[in-house]
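To convert, note that position 204 of the sequence shown is 204 in UniProt numbering; the numbers rise steadily by one, no gaps.
C-beta atoms are modelled at their ideal positions from N, C-alpha and C, and glycine is treated no differently.
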Amino acid sequence: MNEISLPFNLNDRQIEEIQEKYAFLEPLLDDYLSSSEKREYSEAVKQSLQISDRTLRRYLQRFREEGICSLTRKQRSDAGGMRVFSPEILTRATELLEQNNRRSIPMLMELLQADELVGEQVKKISAGTLYFHLKKTGHEFRGRGNVPPTGTYRRFEADYPNQLWQGDARHGIPLPHPTKPGKQKMTYLFGWEDDFSRKIMGGRYYWDEKLPRMEDVFRRSVLRWGLPIRLYLDYPEVLKMPKFPEKPHIERQFQGFSKKT
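Here's what the structure looks like:
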């Protein structure tokens, strides 16, 4: 099945829109369904998305020609500007970094959301947006290291992209059974997420969990995005790796992939 990888320059609304449409359209973009099964599944997709046959064909054609970002609305001409991200947010974030340059983006987001001046504005932006604007001003997160732990366990937060990837798996969406007409079979979604940006580095559906699916997705993700410094899994025996003491849950990042048709 097709791999889904999202670039950094998408806002939260666009990512959710892509995830929802891709969850429905992915079976029509691959060749594991027969022509008759695709026709039957297309009717369910049109009903779920409330679109016409012409619109569905346009979605599929644009995806093949332009890639996954075609599944969301085009960005405005002023995208990347400070239409939502105000100068006050950038000023306050810079002040917080001057006080302590070891603060990560998640830490900054928490502090800014509690700020009386910019708190409400910050709630409307994503961590990736804050990172993007700080990088534009020349702030460098790479190589700063981490705050030493204060106890037996500590909360780990990556300081920059590709420092830590988290892997996870969950039930996917039921699809027409490949060998039993009229029946459905559950799929399984495996994926890797960048801890710093919350970007989905790679995700794929499989019919079963028998083979090293997580490793397969990891190899594909590395070929596209490069090798991360550290990895985290709930079940480290899958990759024979050490287990971290605490796991920020990432299941919510995959909810958009597993909506039932």
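In this structure the stretch 49–64 touches the stretch 15–30; the number of beta carbon pairs closer than 8 Å is three or more.
About 4 Å separates the Cβ atoms of Q14 and T72, confirming a contact at the 8 Å cut-off. Taking 7 Å as the cut-off, the Cβ atoms of Y205 and T187 count as close. Distance from the CA of M107 to the CA of Q184, rounded to the nearest whole angstrom, comes to 44 Å. The three-state reading of DSSP puts P212 in coil, since its state is none of H, G, I, E or B. Sorting P178, M201, G182 and F196 by C-alpha distance to the C-alpha of W207 places P178 at the top. By the beta-carbon neighbour count (other beta carbons within 10 angstroms, threshold 16), T91 is exposed. Short of 6 Å from the beta carbon of S221, and not among the five residues preceding or following it, lie these beta carbons of its own chain, in chain order: W192, M201 and G202.
Assigned with DSSP and collapsed to three states, W192 falls in strand.
Taking the Cα positions, E215 is about 29 Å away from K180. Taking the CA atoms as reference points, L60 sits about 43 Å from T94. Secondary structure in the stretch 54–123: no beta strand (DSSP E) run of 3 residues or longer lies completely within the stretch. A residue is called buried when at least 16 other Cβ atoms come within 10 angstroms of its Cβ; I229 does not meet this threshold and is exposed.
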